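All letters in the sequence shown, in the order written, are residues 20 to 561 by the working numbering.
Notes follow the structure.
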Amino acid sequence: LRPLAPLWRLCALAVGFPFPSPAPETPMLPGKIATLLVIATVLSVIGALLVVWRYRAAMQALMKAPLAAAPGASEAPAARLPYAADVAPIPVTLADNHQAERRLILAFLGITLVMALSRTLLMQVLANGPITLITVSTLCAAYAWPVVPVVAVIRRWSLWRFVAALLLWFVAAVALLSWRTNENVTFAQVFGWMLFDIGLPLIIVTALCLGSATRAVAPWLAPLFIALCWASQAGVDLLAALVEAQSPIAVWLAGQIGAVTAIALFALAPWLIAWWPARALGRWLGKAYATGRISELFYLFTAVWVIALTGPALGAIASEGWGALLYFLPLLWIPLGARLMQQRQRSAGRPPTLLVLRVFRQDANVQDLFDRVIERWRLTGNTVLIAGTDLAERTIDADDIFTFLDHRLAERFIHHPEQITLRLGNFEWRPDAEGRYRVNECYCHDTTWQQALAELMKVSDVVLMDLRNFVAANQGCVYELQTLATAPGLQRIVVLTNEHTDMSAAMAATAHAPSGRFVWVAQQGSQALATENVLRPLFATG
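Okay, here's the thing in structure tokens:
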């Protein structure tokens, strides 16, 4: 209750009660930092949900906006595409894709184990603890949990599977440490230690990854809300200092606006100042992501490790002061690991490019397809598509977030056909540091998507089209099928269907296609999407 003391004293001043001077208090900095992290996490989750909701609404309005009403954009000249259209892609097989996924997971696991080992040795040295093989290996295994969120993103785990994996890791860590500690350490002590050292970080990470929207947006908003919450804490600390000093300002505030209003004023008013550096930080993050200096996976990996190391650092502040910053030294392994992973990437030739088309307003179907198929394809090839609200939660990135918050989302849209080449020239074709390729989108009005489709087909090698629940009334899909049937240069067109697909209309639209161009993959009933059956025809044979 000690952080609430300023409230009680301010209330006492409001009624004229002579509140006695308090006894010297122990430092409350660890508690303040932990509280700020929890509050910032809650605000980040709420902010992520609001951003995605408003982002979808803004996209829908802009797609239907007339061209005359769309604002112009001052943009740099179009960059050249990274390869010529007549250059064949390097052959990539399904086995190559499997190997890339295993290599990626093992790479992050290796960095995690090195960081967990460094953390263990550092803590044992600073705490004068024993350094034995059993002690180090046990603690290292317990502290390696930050690899779980990264694997969850790579494999697109469901929320329940992700939460279950984290809880299982926590239970296993408590059981392992209870088994390996001596009889002088009770189970309650081990559980309390792990609850603070691992439990609180696990709760924060789980909150940031509650769903697709929060997992995509909340980690990018968290630094901004941490800065704002720190400003609020500074304001409340200032008010507490005024109360402790029996300042006339505090007495006047207590009498004029009341204690609760005064605390709210000192907590929120600093946001007027802190918003500007927080906004600058967000813009820097968006620009760093857009230019390839930050990748989604390494940003998430770093954020999780910062949260994981904050617990022991908070516990050491009281005794070690600024020396507690030493607990963050394992973070230095992350840029080194990113550099090594980047050097191992394949550089000869260009990877194949996948064009994704779908029946719109089938959000659940296309989101499941994205999680199971497109995320796997990203390990070995580029992806292009026409942006839509159905995939907003999957494709939104740091650059999109802060562009939207700056009210510049309209600049992303193709207002006239002449801008299509410019948009394609600004696509990011290079892989991120970990080797995954990004999803590049064309933001189109209802009057420009057909021209954008024609240009996207020119840079694509393979097409994946989700025709589940397609009917002849879906004239946009009919146009896409007719265009794909006669487009030159496409190697394969994989079409996903189900029992509700109007096959007669689809076959009629593709009647003029070369033999073997279209590969039809049927999904029966409501069964889970067969990932391998969809992926296999997308890749080269071999």
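Every residue, glycine too, gets a C-beta built ideally from N, C-alpha and C.
Note that the structure is predicted; figures quoted are calculated from it, not measured.
Tell whether a beta-carbon distance below 9 Å holds between L123 and L398. yes
Three-state secondary structure (DSSP) at F537? strand
Determine the closest residue to E551 out of L113, V61 and A76, with distance taken between C-alpha atoms. L113
Is DSSP giving R121 helix, strand or coil here? helix
Stretch pair the stretch 335-355 + the stretch 147-158: three plus CB contacts closer than 8 Å: no
Own chain partners of Y346 with C-beta closer than 6 Å, once the 5 adjacent residues on each side are dropped: L328, P331 and A332
I276, buried or exposed, once every other Cβ within 10 Å from all chains shown has been counted against 16: exposed
C-alpha distance - E94 paired with V133, whole-angstrom precision: Bear in mind that the predicted position of E94 carries a pLDDT of just 47, short of 50, making it too unreliable to give a figure here.
Kindly indicate which three-state DSSP category D409 falls into: helix, strand or coil? helix
DSSP beta-bridge partners for M484? L376 and V514
Whole-angstrom distance between L424 and V513, CA atom to CA atom: 37 Å
Provide the residue span of the beta strand (DSSP E) that contains V458, from first to last. V458 to C463
Could you give the distance in angstroms between the alpha-carbon of D382 and the alpha-carbon of L261? 54 Å
Relative to the C-alpha of M142, which candidate in T131, L158 and I130 has its C-alpha closest? L158
At a cut of 8 Å, does the stretch 222-237 reach the stretch 410-420 through at least three beta carbon pairs? yes
Does the stretch 514-524 come into contact with the stretch 438-456, if we say contact requires no fewer than three beta-carbon pairs (one atom in each stretch) closer than 8 Å? no
Can you find the residues in the same chain that come closer than 8 Å, C-beta to C-beta, to A98, ignoring five residues on each side of it along the sequence? Caution applies to A98, whose pLDDT of 43 falls short of 50 and renders its modelled position unreliable; the value that the coordinates give is listed next. Cβ within range, chain order: G444 and N445.
Does the ligand ATP have even one heavy atom less than 8 Å from the beta-carbon of L62? Of ligands this structure carries none, so the ligand ATP is not represented either.
Considering only DSSP beta bridges, list what N401 is partnered with. T372
Applying the criterion that 16 or more other CB atoms from any shown protein chain within 10 Å of the CB defines a buried residue, is R455 buried or exposed? buried
Which residue comes first and which comes last in the alpha helix (DSSP H) that contains T467? Element bounds for T467: n/a, residue is neither H nor E.
Contact set for P43: own chain, Cβ-Cβ below 7 Å, skip 5 residues either direction: For P43, the pLDDT reaches just 42, beneath the cut-off of 50, and the residue's location in the model is therefore unreliable, although a value from the coordinates is still provided. Closer than 7 Å at Cβ, skipping near neighbours: no residue.
What are the residues that DSSP puts in a beta bridge with I433? C463
Alpha carbon to alpha carbon, how far is R511 from W468? Give it in angstroms, no decimals. 22 Å
Which listed residue (L428, I245 and H464) has its alpha carbon closest to that of H435: H464
Enumerate in chain order the residues of its own chain whose CB-to-CB distance from L373 is below 8 Å, with the five nearest sequence positions on each side excluded. I393, W396, G400, N401, T402, V403, S479, D480, V481, V482, L483 and L557
Pairing CB atoms from the stretch 208-216 with CB atoms from the stretch 248-256, are three or more of them under 8 Å? no
State buried or exposed for Q542, treating a residue as buried only when at least 16 other CB atoms are found within 10 Å of its CB. buried
Please name the residue, chosen from A343, P370, R380 and F320, that lies closest to G356 on a Cα-to-Cα basis. F320
Simplified DSSP state of V106, which is helix, strand or coil: coil
Starting from the C-beta of H531, find all residues in its chain whose C-beta is less than 7 Å away, skip the five residues before and the five after it, and write them out in chain order. A504 and T505
Taking the alpha carbon of L388 as the point to measure from, which residue in L350, A549 and R138 has its own alpha carbon closest? A549
Candidates W179, A299 and I439, of which the one nearest M476 by Cα: I439
State the CB to CB distance for the pair I223 and L258, rounded to an integer number of angstroms; the pair is presumed to be in contact (CB under 8 Å). I223 to L258, Cβ: 27 Å. No contact.
C-alpha gap between A246 and A288, whole angstroms: 14 Å
Please tell me whether F421 and G535 are closer than 9 Å, where the distance is taken between their beta carbons. no
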